[in-house]
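What follows is a set of notes on a single structure, which appears directly below.
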Amino acid sequence: MNVTHAHAPASWPPDAQYGAATPGKIGMWIFLVSDAFSFGGLLIAQGILRSRSPEWVQPGEPALGIPFTAALTFLLISSSFTNVMAWAAAAEGRRRAAAVLLAVTALGGLLFLVGQYVEWTTLLREGLVFGRSPRASTFFVTTGFHGLHVLVGVAYILTVLGQYVRGRATAHHVELLGLYWCFVDFVWIFVFSFVYLMP
Amino acid sequence: MSDLAATTEQGPRRAARRTQHVIVFVVLGVLTLVELGVARTSGIAKPAVVTALVALAVSKAALIALFYMHLRFETRILRLTVLAPLVAPAIYGLVLIAESAARAAR
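Chain order of the listed sequences is X and Z. Just so we're aligned: 42 in this note's numbering is position 42 of the first sequence, and the numbers increase by one with no gaps anywhere. Just so we're aligned: 1020 in this note's numbering is position 20 of the second sequence, and the numbers increase by one with no gaps anywhere.
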């Protein structure tokens, strides 16, 4: 069986409003929108606390490492790129290329987590400690929540990769995975801007 | 574009889509550099920096959603289902943060 055509157009009648989008895809989008609200709540909370704080950076607290985090941001963007190329390869039936690109995407996610670990331990050592200031608490909660999403994403990629290599997953599964992984990048763009770059 | 349509795409269209992915990747990289430049350049008024950073973040997120998450190729209803609710947190955030800042300034 050609697994890339397991979901042939004829097997799923196009809906008048949602086109050929499968229930799986619509379900994933609904989950992602609700997850976006969670991140929105965290960023709004940070904005409110910051707007009420006469001195956002407390004495003795370190500055955030913007160049290092910019490199992590680029790493995440790169992993979104490899992910979307993996989906394109899967849709074209180039299974080996799709598997390699998925593995590279997972590696990108792992490297991002290693980078975040290094950043956290450095900041903790320098005096940015959860609970000591609104800046520290919102920083660790927001980046931690995002890091959890990256960790789940890496596990998701490896699971789909394993299934795909064994012929149990299709291009459709790779696309659903891609929606989740690109959402992780989508959210990070706002975290990077609001937590790290805002003056 | 849906996954179903993807399986039936023709070769030249697939190649064009791959080229599009590469272009979006390059633009995202350039916009990240611009963000860094805006954030680290001194002498720019704070409201201008904030406006620029928000605009850059929204632009980058839109590129990801439209091209890498394929929303551009979905039906209008699906695009609205996803994008319309995201306007709400932006409005809540703007109102709540402005209100909080105004009370703090009193």
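The C-beta atom is built at its ideal place from N, Cα and C for all residues, glycine as well.
Quiz item: By Cβ distance below 6 Å, which residues in the same chain neighbour X/Leu176 in space, the five residues on each side in sequence not counted?
Solution: Taking the first sequence and counting its residues from 1, one reaches residue 176 of chain X at position 176. So the qualifying residues of the chain are Gly24, Met28.
Quiz item: In whole angstroms, what separates the C-alpha of Z/Leu1036 from that of X/Phe192?
Solution: Counted from its first residue, the second sequence places residue 1036 of chain Z at position 36. Counted from its first residue, the first sequence places residue 192 of chain X at position 192. So the alpha carbons of these two residues sit roughly 10 Å apart.
Self-check item: Proximal residues of chain Z, C-beta to C-beta of X/Pro59 below 8 Å
Solution: Residue numbering aside, residue 59 of chain X sits at position 59 when the first sequence is read from its first letter. Simply none; closest approach about 20 Å.
Exercise. Determine, using beta-carbon pairs with one atom in the stretch 76-85 of chain X and one in the stretch 1025-1034 of chain Z, whether at least three such pairs fall under 8 Å.
Key: yes
Exercise. Output, in chain order, the set of chain X residues within a Cβ distance shorter than 9 Å of Z/Ile1064.
Key: Sequence index remark: in the second sequence, residue 1064 of chain Z carries index 64 (1-based). Simply Ile77, Ser80, Cys182, Phe183, Asp185, Phe186, Ile189.
Practice problem: Express the C-alpha separation of Z/Thr1032 and Z/Ala1052 in angstroms, rounding to a whole number. | Solution: The residue given as residue 1052 of chain Z occupies position 52 in the second sequence. The residue given as residue 1032 of chain Z occupies position 32 in the second sequence. Cα to Cα, Z/Ala1052 sits roughly 12 Å from Z/Thr1032.
Exercise. Taking 8 Å as the cut-off, decide whether the C-beta atoms of X/Tyr180 and X/Gly153 are in contact.
Key: Residue numbering aside, residue 180 of chain X sits at position 180 when the first sequence is read from its first letter. Residue numbering aside, residue 153 of chain X sits at position 153 when the first sequence is read from its first letter. Yes, these two residues count as a Cβ contact at 8 Å.
Practice problem: Can you tell me which of the three DSSP states Z/Gly1037 falls into? | Solution: The sequence position of residue 1037 of chain Z within the second sequence is 37, counting from 1. Reduced to three states, the DSSP call for Z/Gly1037 is helix.
Practice problem: Please confirm if X/Trp56 has its CB atom under 8 Å from at least one CB of chain Z. | Solution: Taking the first residue of the first sequence as 1, we reach residue 56 of chain X at position 56. It does not; no Cβ of chain Z falls within 8 Å.
Exercise. Look at the Cβ atom of X/Leu151, then the Cβ atom of X/Leu113, and state whether they are nearer than 8 Å.
Key: The sequence position of residue 151 of chain X within the first sequence is 151, counting from 1. The sequence position of residue 113 of chain X within the first sequence is 113, counting from 1. Yes, these two residues count as a Cβ contact at 8 Å.
Quiz item: Can you list, in chain order, the residues of the stretch 1039-1054 of chain Z whose Cβ is nearer than 8 Å to any Cβ on chain X?
Solution: Ala1039, Arg1040, Lys1046, Val1049, Val1050, Leu1053, Val1054
Quiz item: Which residues in chain X sit within 9 Å of Z/Val1037, going by Cβ to Cβ distance?
Solution: Walking along the second sequence from the start, residue 1037 of chain Z turns up at place 37. It should be pointed out that residue 1037 of chain Z corresponds to Gly in this sequence rather than to Val. Chain X residues near Z/Gly1037: none, gap ~11 Å exceeds 9 Å.
Quiz item: What do you reckon, is the C-beta of Z/Pro1012 under 7 Å from a heavy atom of the ligand GDP?
Solution: The ligand GDP is not among the ligands present in this structure, which contains no ligands whatsoever.
Practice problem: List the residues of chain Z whose Cβ lies closer than 8 Å to the Cβ of X/Trp120, in chain order. | Solution: By one-based count along the first sequence, residue 120 of chain X stands at place 120. In chain order: nothing, as chain Z lies at least about 21 Å away.
Quiz item: Do the CB positions of X/Thr36 and X/Val187 come within less than 8 Å of each other?
Solution: Position 36 of the first sequence, counting from 1, holds the residue named residue 36 of chain X. Position 187 of the first sequence, counting from 1, holds the residue named residue 187 of chain X. First, the residue type needs correcting, since residue 36 of chain X is Ala and not Thr in the sequence shown. In this structure, X/Val187 lies closer than 8 Å to X/Ala36 by Cβ.
Quiz item: Excluding sequence positions up to five away, which residues of its chain have a Cβ less than 7 Å from the Cβ of X/His146?
Solution: The residue labelled residue 146 of chain X in the question sits at position 146 within the first sequence. Excluding sequence neighbours, X/His146 sits near Val187, Trp188, Val191.
Self-check item: Sequence-distant residues of the same chain with beta carbon closer than 7 Å to Z/Val1020, five excluded per side
Solution: Here residue 1020 of chain Z refers to the residue found at position 20 of the second sequence. It should be noted that the sequence gives Gln, not Val, for residue 1020 of chain Z. Excluding positions up to five away in sequence, the list reads Phe1067.
Quiz item: Near X/Ala90, which residues of its chain fall below 6 Å by C-beta distance, leaving aside the five closest residues on each side in sequence?
Solution: Counting from one through the first sequence, the residue named residue 90 of chain X turns up at place 90. Around X/Ala90: Ala98, Ala171, Val174.
Quiz item: If we ignore side chains and look at the alpha-carbon of each, how far apart do Z/Arg1076 and X/Leu102 end up?
Solution: For the purposes of this step, residue 1076 of chain Z is taken as residue 76 along the second sequence, with counting starting at 1. For the purposes of this step, residue 102 of chain X is taken as residue 102 along the first sequence, with counting starting at 1. Taking the straight line from one Cα to the other gives about 29 Å.
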